[in-house]
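Residue numbers (the working numbering): 318 to 643.
Ideal Cβ positions, reconstructed from N, Cα and C, are used throughout, including at glycine.
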Ligand code: SF4
């Protein structure tokens with residue numbers, strides 16, 4: 318009787334972790350490398366052309382002063398130190414005991430925005446920190462990728478997995494202008510093609526809940542990514558932090574964050590519509606509590622994940638079940 322009650326309660330609390338409904342990054346990495354692989358997030362002390370006046374000022378409206386890497390900056394004291402120190406601190410902590418293989422992930426700001434010599438020095442420094450490092454992942458903007466940078470990244474491919482992360486957020490250039498993105502969707506397409514032609518994997522960022530966005534924009538964005546055959550996608554909900562232009566818009570009542578129900582619905586639609594070949598790196602964001610303003614539901618990451626996975630089950634959605642090649 319007790320066993321049966323425990324079983325029933327357990328079943329009620331159990332939820333599908335999504336592993337069998339979409340191409341989950343963890344599963345992909347385990348298959349590819351034969352064991353668990355973790356990322357070491359690094360602040361490489363880069364800047365951004367959308368902040369220093371080269372292509373814009375103020376940055377994308379949702380981006381804070383840490384350059385979309387707040388959790389490194391605000392949660393880890395070592396992030397204020399050198400690249401080497403950040404990585405060594407990570408590997409010497411409990412986090413370094415959770416796996417034997419690691420990918421160094423340059424996260425904050427635009428990590429290809431410097432001279433080639435300086436980029437090489439920073440990447441080399443990171444990769445030389447440990448034999449356990451098997452990959453280099455670089456977050457950047459499409460307009461900060463050129464042949465010289467591609468050649469540098471290619472030079473690491475014999476020994477390391479090399480992945481470039483590009484922000485797209487939306488394929489609608491009007492919304493791109495409204496969020497002060499500072500590059501066009503055509504720039505994004507050119508960068509993806511250049512990277513792919515040279516054998517470098519691309520992960521694209523997509524945001525749900527941008528000002529003025531509608532369901533068609535989201536569908537078109539996913540269709541574009543599927544047609545470009547990007548290797549991976551990160552899906553985020555838009556949120557407001559206190560050091561952003563979006564915060565001013567939120568305060569002025571001209572931006573209203575989306576609800577959890579809307580987000581869950583959109584993520585399910587995205588997964589259904591996306592090419593089954595794409596690896597999904599994440600389906601929600603991890604906002605920095607220190608700066609977070611809204612929407613409140615986003616602070617409960619586990620509940621949001623549960624809600625998405627439950628909805629995938631209820632609607633019997635598998636990645637690509639509504640995908641149509643165009
Ligand atoms: S390009 Fe990236 S780092 Fe630069 S402002 Fe936009 S989100 Fe922030």
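Legend entry - Cβ shell of residue 325 (< 8 angstroms), same chain only, five flanking positions each side left out: As a first step, residue 325 must be located in the chain shown, where it is residue number 8. Confidence at residue 325 is low in this model, with a pLDDT of 38, below 50, so the placement of that residue is unreliable and no value is reported for it.
Inset, instruction - Check whether the region 443 to 458 touches the region 470 to 486, taking contact to mean three or more Cβ pairs, one atom from each stretch, closer than 8 angstroms. - result: yes
Inset, instruction - Could you tell me whether the region 519 to 539 touches the region 552 to 561, where touching means 3 or more Cβ pairs closer than 8 angstroms? - result: yes
Inset, instruction - Please report the Cβ distance between residue 549 and residue 595, rounded to the nearest whole angstrom; I am assuming they are in contact, meaning their Cβ atoms lie under 8 angstroms. - result: In the chain shown, counting from the first residue as 1, residue 549 sits at position 232. In the chain shown, counting from the first residue as 1, residue 595 sits at position 278. Going by Cβ atoms, the distance from residue 549 to residue 595 rounds to 6 angstroms, so yes, they are a contact pair.
Inset, instruction - Going by CA-CA distance only, name the one from 610, 638, 631 and 593 that's closest to residue 345. - result: On the chain shown, position 28 is the one that residue 345 refers to. It is 593 whose Cα lies nearest to the Cα of residue 345.
Inset, instruction - Return the residue from the list 461, 570 and 357 that minimises the CA-CA distance to residue 499. - result: For the purposes of this step, residue 499 is taken as the residue at position 182 of the chain shown. Distances from the CA of residue 499 to each of 461, 570 and 357 were compared; the closest alpha carbon is that of 461.
Legend entry - residue 588, enclosing alpha helix (DSSP H) - first and last residue: Mapped onto the chain shown, residue 588 falls at position 271. Run containing residue 588: 577 to 590, per the alpha helix (DSSP H) assignment.
Inset, instruction - Go through the region 537 to 579 residue by residue and report every complete run of the alpha helix (DSSP H) that reaches 4 residues or more, in order. - result: 562 to 568
Legend entry - Neighbourhood of residue 618 by C-beta, 7 angstroms cutoff - its chain only, sequence neighbours within 5 removed: Translated into positions along the chain shown, residue 618 becomes position 301. Cβ within range, chain order: 601 and 603.
Legend entry - Segment contact, 8 angstroms Cβ cut-off, at least three pairs: the region 438 to 456 with the region 507 to 517: Because the criterion of three Cβ pairs below 8 angstroms is not met, the region 438 to 456 and the region 507 to 517 do not touch.
Inset, instruction - Using DSSP bridges, identify the partner residues of residue 422. - result: Taking the chain shown and counting its residues from 1, the one referred to as residue 422 is at position 105. Bridge partners of residue 422: 358 and 454.
Legend entry - Where residue 414 sits in the DSSP three-state scheme: Within the chain shown, the letter at position 97 stands for residue 414. Helix, per DSSP.
Legend entry - Alpha-carbon to alpha-carbon, residue 338 and residue 636: For this step, residue 636 is matched to residue 319 along the chain shown. For this step, residue 338 is matched to residue 21 along the chain shown. If you take the alpha carbons of residue 636 and residue 338, they lie about 6 angstroms apart.
Legend entry - C-alpha gap between residue 375 and residue 486, whole angstroms: For this step, residue 375 is matched to residue 58 along the chain shown. For this step, residue 486 is matched to residue 169 along the chain shown. Going by the C-alpha atoms only, they are around 17 angstroms apart.
Inset, instruction - Check whether the Cβ of residue 372 lies closer than 7 angstroms to any heavy atom of ligand 1, and answer yes or no. - result: As a first step, residue 372 must be located in the chain shown, where it is residue number 55. Result no, Cβ not under 7 angstroms from ligand 1.
Legend entry - Among 631, 612 and 599, nearest to residue 622 - alpha-carbon criterion: Stepping through the chain shown from its first residue, residue 622 is reached at position 305. The shortest C-alpha separation from residue 622 is found at 599.
Inset, instruction - Would you mind reading off the limits of the beta strand (DSSP E) that contains residue 478? - result: To locate residue 478, count along the chain shown from 1; it is residue 161. 478 to 486 is the span of the beta strand (DSSP E), which, as asked, contains residue 478.
Inset, instruction - Please look up how many angstroms separate the CB atoms of residue 508 and residue 420, rounded, as I've assumed it's under 8 angstroms. - result: Here residue 508 is taken as the residue at index 191 of the chain shown, counted from 1. Here residue 420 is taken as the residue at index 103 of the chain shown, counted from 1. That belief does not hold up - the Cβ atoms of residue 508 and residue 420 are roughly 21 angstroms apart, past 8 angstroms.
Legend entry - Whether residue 359 touches residue 400 by CB criterion (8 angstroms): Counting from 1 along the chain shown, the entry for residue 359 is found at position 42. Counting from 1 along the chain shown, the entry for residue 400 is found at position 83. Result yes, Cβ atoms of residue 359 and residue 400 sit closer than 8 angstroms.
Legend entry - Spatial neighbours of residue 466 in its chain, beta-carbon cut-off 8 angstroms, leaving aside the 5 residues before and after: Within the chain shown, the letter at position 149 stands for residue 466. If we look at residue 466 and ignore the five residues flanking it on each side, its Cβ neighbours are 429, 433 and 436.
Legend entry - Backbone secondary structure at residue 363 - three-state DSSP: Within the chain shown, the letter at position 46 stands for residue 363. In this structure, DSSP gives residue 363 a state outside helix and strand, which the three-state scheme calls coil.
Inset, instruction - Report the rounded CA-to-CA distance for residue 533 versus residue 410, giving the unit in angstroms. - result: Taking the first residue of the chain shown as 1, we reach residue 533 at position 216. Taking the first residue of the chain shown as 1, we reach residue 410 at position 93. For residue 533 and residue 410, the distance between alpha carbons rounds to 45 angstroms.
Inset, instruction - Using only alpha-carbon positions, find the residue among 463, 441, 605 and 624 that is nearest to residue 379. - result: Numbered from its first residue, the chain shown carries residue 379 at position 62. For the residues 463, 441, 605 and 624, the minimum Cα distance to residue 379 belongs to 605.
Legend entry - Nearest-angstrom Cβ-Cβ length linking residue 643 and residue 504, presumed shorter than 8 angstroms: In the chain shown, counting from the first residue as 1, residue 643 sits at position 326. In the chain shown, counting from the first residue as 1, residue 504 sits at position 187. Incorrect: roughly 21 angstroms between the Cβ atoms, too far for contact.
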